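Undergrad: Got a structure for you, written out below as structure tokens; questions coming shortly.
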Amino acid sequence: KKKTKTQHSFNKDATAVNCVKFSSYFYQKHHHNFICFSSADKIIRFWDIEHNQQFQVFNEHANAVRVIEFSSFNGTNNEQYIIFKIILKQQKKKR
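Written as structure tokens, this is what we have:
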């Protein structure tokens with residue numbers, strides 16, 4: 325059997341994680357690797373993979389966030405539609 329080793333641990337403060345997504349569009353357009361995950365604590369978090377840090381949090385939901393998608397058309401089952409703008413901070417690369 326091949327042993328695996330954990331590379332990164334994300335979301336240590338959240339409750340159960342419901343969904344995790346990676347946006348290849350943002351990587352291609354902004355050269356920024358990040359994952360986005362939603363959890364039972366009503367929060368959506370964006371995590372910078374390269375720098376191993378959380379860089380944006382959305383906490384406007386009234387209930388657990390079950391599903392997240394990178395799409396221009398999404399909605400919820402409680403007639404609440406929230407549009408968020410992802411703000412990417414320019415980070416200087418260490419040489």
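Counting with our numbering, you get residues 325 to 419 for the letters of the sequence shown. Where a beta carbon is used, it is the ideal one built from N, C-alpha and C, also for glycine. For clarity, every value in this text was computed on a predicted model and none was experimentally measured.
Decide if F394 is buried, meaning its Cβ has at least 16 other Cβ atoms within 10 Å, or exposed.
TA: By the neighbour-count rule (16 or more Cβ atoms within 10 Å), F394 is not buried but exposed.
Undergrad: Check this for me: beta carbons of S362 and T339, under 8 Å apart or not?
TA: In this structure, T339 does not lie closer than 8 Å to S362 by Cβ.
Undergrad: V344 to K326, Cα distance in whole Å?
TA: Taking the straight line from one Cα to the other gives about 25 Å.
Undergrad: I need the straight-line Cα distance from A386 to T330, nearest angstrom please.
TA: When rounded, the distance between both Cα atoms is 33 Å.
Undergrad: Give the single residue among H356, I373, D365 whose Cα lies nearest to the Cα of E384.
TA: It is D365.
Undergrad: Count the other CB atoms, across all protein chains shown, that sit within 10 Å of the CB of R369; report buried if there are 16 or more and exposed otherwise.
TA: Its Cβ being crowded by 16 or more others within 10 Å, R369 is buried.
Undergrad: State the DSSP-derived secondary structure class of K345, mapped to helix, strand or coil.
TA: In the structure shown, K345 sits in a strand (DSSP, three-state: E or B).
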